[in-house]
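K.L.:
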Amino acid sequence: MTEPEPTIRPLGPPSPIPPDSVPLYGPRYDKENPARLYGELRNRHGAVLPVLLEGDVPAWLTLGYREVHQVLSDSTLFARDSRRWNQWENIPPDWPLMALVGYQPGSILFSEGAAHQRRAQAMTDAMEQVDRFELRARCERVADELIDEFCGSDGAELMVQYANRIPALALAEMFGLPDSEAWSIAEDVMAVLDGGEGALEAYQRFAGAMGRLLEAKRAEPGPDVASRMLHHPAELTAEELTQDLLIMMIAGQDPTANWIGNTLRLMLIDDRFSLTLAGGRRSVGQAMNEVLWEESPAQNTFRWATRDTRLGGRHIRAGDAVVICLAGANSDPLVRAVPDAGSRGNHAHFSFGHGDHGCPFPAPELGEVIAETAVEVLLDRLPDVRLAVPPNELEWRPAFRVRALNALPVKFSPAPARTPM
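Position one of the sequence shown corresponds to residue 1 (the UniProt record's numbering), numbered consecutively onward.
#1: Quick one: which unbroken alpha helix (DSSP H) runs of 4-plus residues sit fully inside the segment 203 to 246? Chain order, please.
#2: Going along the chain, which residues of its own chain have a beta-carbon closer than 7 Å to the beta-carbon of Pro19, five neighbours each way excluded?
#3: Quick one, are the C-beta atoms of Trp59 and Gly328 less than 9 Å apart?
#4: Relative to the alpha-carbon of Gly106, which residue among Asn330, Gln243 and Glu393 has its alpha-carbon at the smallest distance?
#5: With respect to the beta strand (DSSP E) encompassing Asn43, which residues constitute its N-terminal and C-terminal limits?
#6: Fully enclosed by the segment 279 to 318, which alpha helix (DSSP H) runs are 4 residues long or longer?
#7: Alpha carbon to alpha carbon, how far is Leu245 from Thr124? Give it in angstroms, no decimals.
#8: How far does the beta strand (DSSP E) with Ile17 in it extend, from its first residue to its last?
#9: Arg84 to Val130, Cα distance in whole Å?
#10: Decide if Ser73 is buried, meaning its Cβ has at least 16 other Cβ atoms within 10 Å, or exposed.
#11: Under 9 Å, do Cys151 and Leu382 count as touching if we go by C-beta distance?
#12: Going by alpha carbons, who is nearest to Ala191 out of Arg307, Asn406, Leu41 and Gln161?
#13: Output the residue ranges of the alpha helix (DSSP H) runs that lie fully inside the segment 322 to 368 and measure 4 residues or longer, sorted by chain position.
#14: So, is Leu264 buried or exposed, given that buried needs 16 or more other C-beta atoms within 10 angstroms?
#15: Any idea which residues DSSP pairs Glu157 with across the strands?
#16: Considering only residues of the same chain and omitting the five flanking positions on each side of Leu277, which have a CB-CB separation below 7 Å?
#17: Taking the alpha carbon of His69 as the reference point, which residue from Glu376, Ala182 and Val322 has its own alpha carbon closest?
#18: Only counting the same chain, and skipping five residues up and downstream in sequence, which positions put a Cβ closer than 8 Å to that of Ala216?
#19: His315: buried (16+ other C-beta within 10 angstroms of its C-beta) or exposed?
#20: Gly319 and Pro10 look like a contact to me (Cβ under 8 Å); what is the Cβ gap, rounded to whole Å?
#21: How many Å lie between Ala126 and Arg397 at the Cα?
#22: Give the DSSP bridge partners of Thr62, in chain order.
#23: Who are Val101's beta bridge partners in DSSP?
#24: Roughly how many angstroms separate the alpha carbons of Pro409 and Asp270, rounded to a whole number?
#25: Assuming Glu173 is part of the alpha helix (DSSP H), what are its boundary residues?
#26: Does DSSP put Ala79 in a helix, a strand or coil?
#27: Work out the CA separation of Pro27 and Val160 for me, nearest whole Å.
#28: How many Å lie between Trp183 and Met249 at the Cα?
#29: Can you tell me whether DSSP reads Val377 as helix, strand or coil?
#30: Counting beta carbon pairs with one atom in the segment 114 to 124 and one in the segment 228 to 236, are three or more of them shorter than 8 Å?
#31: At what residues does the alpha helix (DSSP H) containing Phe150 begin and finish?
#32: By DSSP, does Trp95 sit in helix, in strand, or in coil?
#33: Which residue wins for smallest C-alpha separation from Pro155, given the options Ala404, Ala388 and Glu395?
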């Protein structure tokens, strides 16, 4: 059974702003390749540097692979509960990044220790029972149905019409949701992750949908993740179940959709993949792995120091926010002196996190099944697919946490539908 949440308060007064702090917001972070920017910051300031988040809120940015590994591995020194933050008195309620750092009672994102392990184990066990072959078959059907909707024309916008929809529809069946609710839930997920205006309302709609799902599964259990979570020996409370399903859906929908989109983009702009789409190209799996190193859908996450310490030669005070730059660590030349050679067959990236709050073991594997199937089916059905605009005209979502395309417009020769319309 669940235990009362511990009382945690900010650790000390706000830390002073170091004079060499670097703004981590503005037009460059909306328009430019963040990997390039993080590389510049690492070259100028080192593996750990003081930064200013939106509103000139101080934090520490961790760019080094070793330093990121240290933070993610030590959950007692760099903890997840944001109530420790020593800057709360300076944070307005409408702060743009509030959706990422605002403490959510009952959320596994901020749980720690044995309480976190109990809930994470329930997630792991529920997802481990998902049949990978059935999931791939489901994704193939969904992909064919979506392609049938636009293949008779000569073009499509693949993010909205394809990449964003496949994970939503695959997860809907996995979780026991009706397809009719899948797309509206996926839209709310993206709004929550973007963290802008309307994020709170989207979160509330999402939580309501998860609550209704659990009520339905109590009345009529099925062979799905929600039912298995309900009957797990961890005996999760109603609040824990709602919160955990919410997080599982968010973690499964948006990152997987962006993994699909970023992989398709790479295969359409890079000669190593695009010159021979009909055969002989590098594999879809290689492209997907390269994306996790170079254009990781997951960019940044937060931890809070529980006591004074040193990290990368910097003095970190108790209660300071530490921004873990997963994308920056992946491009650290200390571990990837030759970038391409470092990604091929190498799965030591941080795109799925690491440590206590990393993705539960089955989740990356299930996401890979969904993403790989989506890319393979599209290339099989539309072998001459190509970008409809120059690569440098593709626009990215202005999000601190994710690396994701706003749109992926393509052209192709019209093709017949495979399934009845």
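Heads up, the beta-carbon is just placed ideally off N, CA and C, and yes, glycines get one too. Just so you know, these numbers come straight off a predicted model, no measurement behind them.
P.N.:
For this structure:
#1: 225 to 230
#2: none
#3: The identity of residue 59 in the sequence shown is Ala, whereas the question assumes Trp. In this structure, Gly328 does not lie closer than 9 Å to Ala59 by Cβ.
#4: Gln243
#5: Element bounds for Asn43: not the beta strand (DSSP E) but the alpha helix (DSSP H), Pro34 to His45.
#6: 284 to 294
#7: 12 Å
#8: Where Ile17 is concerned, there is no enclosing beta strand (DSSP E), given that its DSSP letter is neither H nor E.
#9: 37 Å
#10: exposed
#11: yes
#12: Asn406
#13: 326 to 330 and 339 to 343
#14: buried
#15: Pro409
#16: Low per-residue confidence applies at Leu277: pLDDT is 48, beneath 50, and the placement is therefore not dependable, though the value from the model is reported in the following sentence. For Leu277, where only same-chain residues beyond five positions count, the Cβ hits under 7 Å are Leu379 and Pro383.
#17: Val322
#18: Gly176
#19: exposed
#20: 6 Å
#21: 32 Å
#22: Val48 and Ile324
#23: Partner(s): none; Val101 has no beta bridge.
#24: 16 Å
#25: Arg165 to Phe175
#26: strand
#27: 24 Å
#28: 12 Å
#29: helix
#30: yes
#31: Arg132 to Phe150
#32: coil
#33: Checking the displayed sequence, the identity of residue 155 turns out to be Gly instead of Pro. Comparing Cα-Cα distances from Gly155 to each of Ala404, Ala388 and Glu395, the minimum goes to Ala388.
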